[in-house]
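Here is the structure we will look at, set down as structure tokens.
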Amino acid sequence: MSTTLSNQTQALQTQTDKGIWGVITASSVGTLIEWYDFYIFGSLAAMGIIGKQFFPGDNPTAAFLSSLATFAAGFIVRPFGALFFGRLGDLIGRKYTFLVTLILMGGSTFFIGLVPSYATWGAAAPLTVLILRLLQGLALGGEYGGAATYVAEHSAYNRRGYFTSFIQTTATLGLLMSIGVIILTQSVLRDENGVNPNAAFEEWGWRIPFLISIFLIVISIFIRMRMHESPMFKKVKSEGKTSKNPLKESFTKKANLKMVLLALFGATAGQGVVWYTGQYYALSFMNKTCAIDSAQANQIIMIAIVLVTPFFLVFGWLSDKIGRKYIMMAGLLAAILAYRPIYQAMYNVSDINKKKELTEQTKVDTKTEPVKDKPAVLQTEKVTKIFEDGTKAVLITKTTKFDNDSKEPKIEKSKSITLNGSDKWTMVGLIFIQIFFVTMVYGPIAAFLVEIFPTKIRYTSMSLPYHVGNGIFGGLTPYIVTRIIEATKTEAQPSGDILAGLWYPIGVAILTFIIGMVYLPTRTDKDVTD
Amino acid sequence: MNALKRILGIVWLVLAPVLIVMMFNQLFTEIPALEKLVAAGKKPASELQSTYLFWIITITIFVPIAFGLALFGYYSVKGEYDRDVMFSADL
Numbered sequence: 028m029s030t031t032l033s034n035q036t037q038a039l040q041t042q043t044d045k046g047i048w049g050v051i052t053a054s055s056v057g058t059l060i061e062w063y064d065f066y067i068f069g070s071l072a073a074m075g076i077i078g079k080q081f082f083p084g085d086n087p088t089a090a091f092l093s094s095l096a097t098f099a100a101g102f103i104v105r106p107f108g109a110l111f112f113g114r115l116g117d118l119i120g121r122k123y124t125f126l127v128t129l130i131l132m133g134g135s136t137f138f139i140g141l142v143p144s145y146a147t148w149g150a151a152a153p154l155t156v157l158i159l160r161l162l163q164g165l166a167l168g169g170e171y172g173g174a175a176t177y178v179a180e181h182s183a184y185n186r187r188g189y190f191t192s193f194i195q196t197t198a199t200l201g202l203l204m205s206i207g208v209i210i211l212t213q214s215v216l217r218d219e220n221g222v223n224p225n226a227a228f229e230e231w232g233w234r235i236p237f238l239i240s241i242f243l244i245v246i247s248i249f250i251r252m253r254m255h256e257s258p259m260f261k262k263v264k265s266e267g268k269t270s271k272n273p274l275k276e277s278f279t280k281k282a283n284l285k286m287v288l289l290a291l292f293g294a295t296a297g298q299g300v301v302w303y304t305g306q307y308y309a310l311s312f313m314n315k316t317c318a319i320d321s322a323q324a325n326q327i328i329m330i331a332i333v334l335v336t337p338f339f340l341v342f343g344w345l346s347d348k349i350g351r352k353y354i355m356m357a358g359l360l361a362a363i364l365a366y367r368p369i370y371q372a373m374y375n376v377s378d379i380n381k382k383k384e385l386t387e388q389t390k391v392d393t394k395t396e397p398v399k400d401k402p403a404v405l406q407t408e409k410v411t412k413i414f415e416d417g418t419k420a421v422l423i424t425k426t427t428k429f430d431n432d433s434k435e436p437k438i439e440k441s442k443s444i445t446l447n448g449s450d451k452w453t454m455v456g457l458i459f460i461q462i463f464f465v466t467m468v469y470g471p472i473a474a475f476l477v478e479i480f481p482t483k484i485r486y487t488s489m490s491l492p493y494h495v496g497n498g499i500f501g502g503l504t505p506y507i508v509t510r511i512i513e514a515t516k517t518e519a520q521p522s523g524d525i526l527a528g529l530w531y532p533i534g535v536a537i538l539t540f541i542i543g544m545v546y547l548p549t550r551t552d553k554d555v556t557d
Numbered sequence: 621m622n623a624l625k626r627i628l629g630i631v632w633l634v635l636a637p638v639l640i641v642m643m644f645n646q647l648f649t650e651i652p653a654l655e656k657l658v659a660a661g662k663k664p665a666s667e668l669q670s671t672y673l674f675w676i677i678t679i680t681i682f683v684p685i686a687f688g689l690a691l692f693g694y695y696s697v698k699g700e701y702d703r704d705v706m707f708s709a710d711l
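Protein sequences, first through last, are from chains A and B. 557 is the number that our numbering gives the last residue of the first sequence; the numbers go up by one with no jumps. 711 is the number that our numbering gives the last residue of the second sequence; the numbers go up by one with no jumps.
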């Protein structure tokens, strides 16, 4: 095959360059909003709020794991969404398919905000949330492949990495937006004088980020209605070359199936674990393991994301110059080597056992009140500790004593640490490094995936490895890592091995690194008009 | 490089069933141990449920993926990746 592009092909790939920014904006805004919708749930699950609201409260760890399982369910169905909507996109076109995914996502998100809690609705609450979460996953499964394909099919061949990297920023910016809205809602509802300053947010305020999604979706639909069909798809369609059965062609034809497998094991699986370790698990680790105040943890992630996001574009641009492979592989290798030291450093920064307490400033508040509708009293002890370096820790012990003396008192302990300025910036730096690895593996990957599949089955073929890699290998990272840590807990070591879970992302990244280095070619396909 | 691809193909072919066996082995070790702790009242029953849930999800998802890895290994051994297929028009 010739690597020299014909004049006609070049014309097709650059003819719409004048309007490329409109294409990028319209695609990115919709994709960004879909990621936002998808990640509100994850951010609230990582903060433990979904667990408290929708699952039985007798065991907070089990509730947290159940909420992560529901969070994970959204990822598990993403490949099915990719197959269903990918097929549709290859049959009827890119534009209409991702309009449908947008409406499905917006509707599901809005309704999650309306579901009553477990305390009000019982088992129907988690079941309804699970169904809505599955619909979110299906919608997202259909969205990303369409947007990446749409932008790539409008791009000049020598700027495809750069232009598609704008789509690559949307997942991280969607996470940023979801955390930003959560922080804003939290700060508006915060009551500094309360035992738990975030009580109002945890009780009902968490619904607001879900509900406002409906306005964002309407705006996005309006923008997308004005988009035109991809020129390459129009060409294929006008020539009568669209696939009759994209699923069959993608996965039963060996030549194509082997590329799907190569894309999965040689690129997207590793990319997925790096993405979710660097952003989602990092947030969960700060909240649950380091016990950093959720508002501060969110702020740390947000600052890091703002600082590092331009690197998606840098690595997308660079991949047009030097190829996609080595940038992605370098990101994987760096993650493999750095994860354990980084997470150890994160834990050390927030470890109050290593800090000197100013005992004269320690404050203890105790409050006893009857439990509503139960023959019991709730005693709340709040201990506020200040440390020499300016770190503040709030330790809350809630003891429910039952009138019936034979019943054991129920004790719940929680801790919230607010880091001093210097430690906060150290934490920002540690998160920045992790997301920097993400920009390396994720920035060029859309262009890479578009280039290895032909137009008539591109939407279907690239969506599946992407969503299995990113959605399943990556999306399950917080769940699997937390579960591994739980399994290491013993009576002698009640907090378990906090770094043990990292072997999951490291192991998957090693597999992808080896396969990617050995099997992925270094050259870039200039012609995607086939 | 093609020889390395084929040798690694054998590794992937072996690794896939090993991963499946490891998953089942962990499942059959963890669940009975947890059942004993729950029966002794040392752990809440909900922890057993969440452990079952975890293993149902893990096995349902990762067993088919392991088959995919084995297929990838098979294609490697057969030399399907010997030529640098990268251009979509080659497919």
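Idealized CB from N, CA, C, for every residue including glycine.
Notebook entry, point to check: Can you find a C-beta in chain A that's less than 8 Å from the C-beta of residue 700(B)?
Noted result: On the second sequence, residue 700(B) is found 80 positions in, with the first residue counted as 1. Closer than 8 Å: yes.
Item checked: CB contact check: residue 650(B) to chain A, cutoff 8 Å -> Within the second sequence, the letter at position 30 stands for residue 650(B). Taking Cβ atoms only, chain A reaches closer than 8 Å to residue 650(B), which makes this a yes.
Check: Can you tell me the Cα-Cα spacing of residue 210(A) and residue 60(A), whole angstroms?
Finding: Start at 1 with the first residue of the first sequence, and residue 210(A) comes out as number 183. Start at 1 with the first residue of the first sequence, and residue 60(A) comes out as number 33. Using only the alpha carbons, I get a separation of about 17 Å.
Checklist line | Buried or exposed (CB count within 10 angstroms, at least 16 for buried), residue 484(A) | finding: One-based indexing of the first sequence puts residue 484(A) at position 457. Result: buried.
Check: Mapping DSSP to helix, strand and coil, what is residue 446(A)?
Finding: On the first sequence, residue 446(A) is found 419 positions in, with the first residue counted as 1. Note: residue 446(A) maps to coil in three-state DSSP.
Next item on the list: Return no unless some Cβ of chain A is closer than 8 Å to the Cβ of residue 625(B).
Entry: By one-based count along the second sequence, residue 625(B) stands at place 5. By this cut-off, residue 625(B) is an interface position.
Check: Taking the DSSP output, what are the residues bridged to residue 441(A)?
Finding: On the first sequence, residue 441(A) is found 414 positions in, with the first residue counted as 1. Assignment of beta-bridge partners to residue 441(A) by DSSP yields 423(A).
Margin query: I need the boundaries of the beta strand (DSSP E) containing residue 394(A), first residue and last residue.
Written below: One-based indexing of the first sequence puts residue 394(A) at position 367. Start and end: 390-397.
Note to self: Check whether the segment 172-190 of chain A and the segment 280-293 of chain A touch, using three or more Cβ-Cβ pairs below 8 Å as the test.
What the structure shows: no
Check: By Cβ distance, which residues of its chain are closer than 6 Å to residue 693(B), with the 5 residues on each side in sequence left out?
Finding: Within the second sequence, numbered from 1, the residue matching residue 693(B) stands at position 73. Only 629, 632, 633 meet the Cβ criterion.
Next item on the list: Could you run through the segment 514-546 of chain A and flag, in chain order, every residue whose CB is less than 9 Å away from some CB of chain B?
Entry: 514, 518, 538, 541, 542, 545, 546
Next item on the list: Using the Cα positions of residue 688(B) and residue 517(A), report the straight-line distance between them to the nearest angstrom.
Entry: Numbered from 1 along the second sequence, position 68 holds the residue referred to as residue 688(B). Numbered from 1 along the first sequence, position 490 holds the residue referred to as residue 517(A). Computed Cα separation, rounded: 35 Å.
Item checked: Option in 463(A), 126(A), 540(A) with minimal Cα separation from residue 334(A) -> Here residue 334(A) corresponds to residue number 307 of the first sequence, with the count starting at 1. Among 463(A), 126(A), 540(A), the Cα nearest to that of residue 334(A) belongs to 463(A).
Next item on the list: Report the rounded CA-to-CA distance for residue 398(A) versus residue 668(B), giving the unit in angstroms.
Entry: As a first step, residue 398(A) is located in the first sequence; it is residue number 371 there, counting from the start. As a first step, residue 668(B) is located in the second sequence; it is residue number 48 there, counting from the start. The alpha-carbon atoms of residue 398(A) and residue 668(B) are separated by roughly 29 Å.
Next item on the list: Identify which residue in 252(A), 421(A), 547(A) has its Cα closest to the Cα of residue 50(A).
Entry: One-based indexing of the first sequence puts residue 50(A) at position 23. For residue 50(A), the nearest C-alpha among the options comes from 252(A).
Next item on the list: Quick one: grab the DSSP three-state call for residue 31(A).
Entry: If you number the first sequence from 1, residue 31(A) lands on position 4. Per-residue confidence for residue 31(A) stands at a pLDDT of 48, beneath the threshold of 50, marking its modelled position as unreliable; the derived number appears in the next sentence. Look at residue 31(A) here: in three-state DSSP terms it is coil, with no helix or strand label.
Next item on the list: Identify, in the order they occur along the chain, each residue of the same chain with its Cβ nearer than 6 Å to the Cβ of residue 28(A), setting aside the five sequence neighbours on each side.
Entry: Locating residue 28(A) in the first sequence gives position 1, where the first residue counts as 1. Caution is warranted here: a pLDDT of 38 is assigned to residue 28(A), below 50, making its placement in the model unreliable, and no coordinate value can be reported.
Note to self: Tell me the residue span of the alpha helix (DSSP H) that contains residue 261(A).
What the structure shows: Residue mapping note: residue 261(A) aligns to position 234 of the first sequence, counting from 1. Counting along the chain, the alpha helix (DSSP H) containing residue 261(A) begins and ends at 258-265.
Next item on the list: Assign residue 403(A) to one of three DSSP states: helix, strand, or coil.
Entry: The residue labelled residue 403(A) in the question sits at position 376 within the first sequence. Correct three-state label for residue 403(A): strand.
Note to self: Do residue 465(A) and residue 306(A) count as a contact pair if the criterion is CB distance below 8 Å?
What the structure shows: Looking up residue 306(A) in the first sequence gives position 279. Looking up residue 465(A) in the first sequence gives position 438. Cβ atoms of residue 306(A) and residue 465(A): closer than 8 Å.
Note to self: For chain B, check one thing: does any of its Cβ atoms lie closer than 8 Å to the Cβ of residue 93(A)?
What the structure shows: As a position in the first sequence, residue 93(A) is number 66, starting the count at 1. Interface residue, yes.
Check: Any Cβ of chain B within less than 8 Å of the Cβ of residue 499(A)?
Finding: Position 472 of the first sequence, counting from 1, holds the residue named residue 499(A). With 8 Å as the cut-off, residue 499(A) counts as an interface residue toward chain B.
Notebook entry, point to check: Mind checking residue 699(B): buried by the 16 CB within 10 Å criterion, or exposed?
Noted result: What you label residue 699(B) is simply residue 79 of the second sequence in a count that begins at 1. Exposed, by the Cβ-count rule.
Notebook entry, point to check: Three or more beta-carbon pairs under 8 Å between the segment 484-497 of chain A and the segment 358-374 of chain A, yes or no?
Noted result: The segment 358-374 of chain A and the segment 484-497 of chain A do not touch, with fewer than three beta-carbon pairs separated by less than 8 Å.
Margin query: Restricting to Cα atoms, I'd like to know which of 79(A), 530(A), 497(A) is closest to residue 507(A).
Written below: The sequence position of residue 507(A) within the first sequence is 480, counting from 1. Nearest C-alpha to residue 507(A): 530(A).
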